[in-house]
Amino acid sequence: MRYTPQVRWDETDFLVMGLMLGGMGLAAEWLIRRSPNLGSRAASVVSVLTVFLTIWANLAVGMIGSEDNPFNLLFAGVPVIALIGSAMARFKPRGMAISHGAAAAAQAGIAAMGAQIDARGGTFSALFAGLWLIAAVLYWLAASRAEGAATSSR
């Protein structure tokens, strides 16, 4: 607001951003403390950052068209898929890898449908599928290393 007249935040905008930043910090801290190894910690950071960026992009400008486009509501389901899947897996790396893979697939599918409406927005939102996939691979690798360490210590 100080640098351009196009940005007009009110108290609600600041409150929402404060809650998002605080929530992101708390979630990252909680997941990192539960993480058994560095790979799982890295996956947790990528995961939390992807959730934050997904919500922020949708609220700020929208991924497909403008932020007022109702199609963007579909993207709100992607972090929910990751969260519910992770909770069902009791936040264990292997289950989180699967849930984040499902989130990546959902993000890619929504992006492909959205590309019919807005090609640039569809491409932009498809990049988020890559972030979900990076988190899934990191969780998978973390789970494999943890299983390998458990096997070799027997």
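With my numbering as the guide, the letters of the sequence shown map in order to residues -1 to 152.
All residues carry an ideal CB built from backbone N, CA and C; glycine is no exception.
Query, Result
"On the three-state DSSP scale, how would you describe Arg88?", "coil"
"Which runs of the beta strand (DSSP E) spanning at least 3 residues fall entirely within the segment 114 to 140, listed in chain order?", "none"
"Cβ atoms of Thr48 and Trp130: under 8 Å apart, would you say?", "yes"
"Do the segment 53 to 67 and the segment 117 to 126 touch if we need at least three Cβ pairs shorter than 8 Å?", "yes"
"Just reading off the alpha helix (DSSP H) that Glu27 is part of, what are its end residues?", "Glu9 to Arg32"
"Specify the secondary structure class of Ser42 as computed by DSSP and reduced to three states.", "helix"
"Give me, in chain order, the residues of the same chain whose beta-carbon lies closer than 6 Å to that of Met22; leave out the 5 immediate sequence neighbours on both sides.", "Val46 and Phe50"
"Does the segment 92 to 104 touch the segment 75 to 83, meaning 3 or more C-beta pairs lie closer than 8 Å?", "yes"
"Can you give me the Cβ contacts of Ser42 inside the same chain, cut-off strictly under 7 Å, excluding the 5 residues immediately before and after it?", "Ala26, Leu29, Ile30 and Ser33"
"Tell me the rounded alpha-carbon separation between Ile132 and Gln105.", "13 Å"
"Reducing DSSP to helix, strand and coil, say where Ile82 ends up.", "helix"
"Report all residues from its chain with a CB closer than 7 Å to the CB of Ala141; omit the five preceding and five following residues, and keep chain order.", "Pro91, Arg92 and Ala95"
"Which word fits Met61, buried or exposed, when buried means at least 16 other C-beta atoms lie within 10 angstroms of its C-beta?", "buried"
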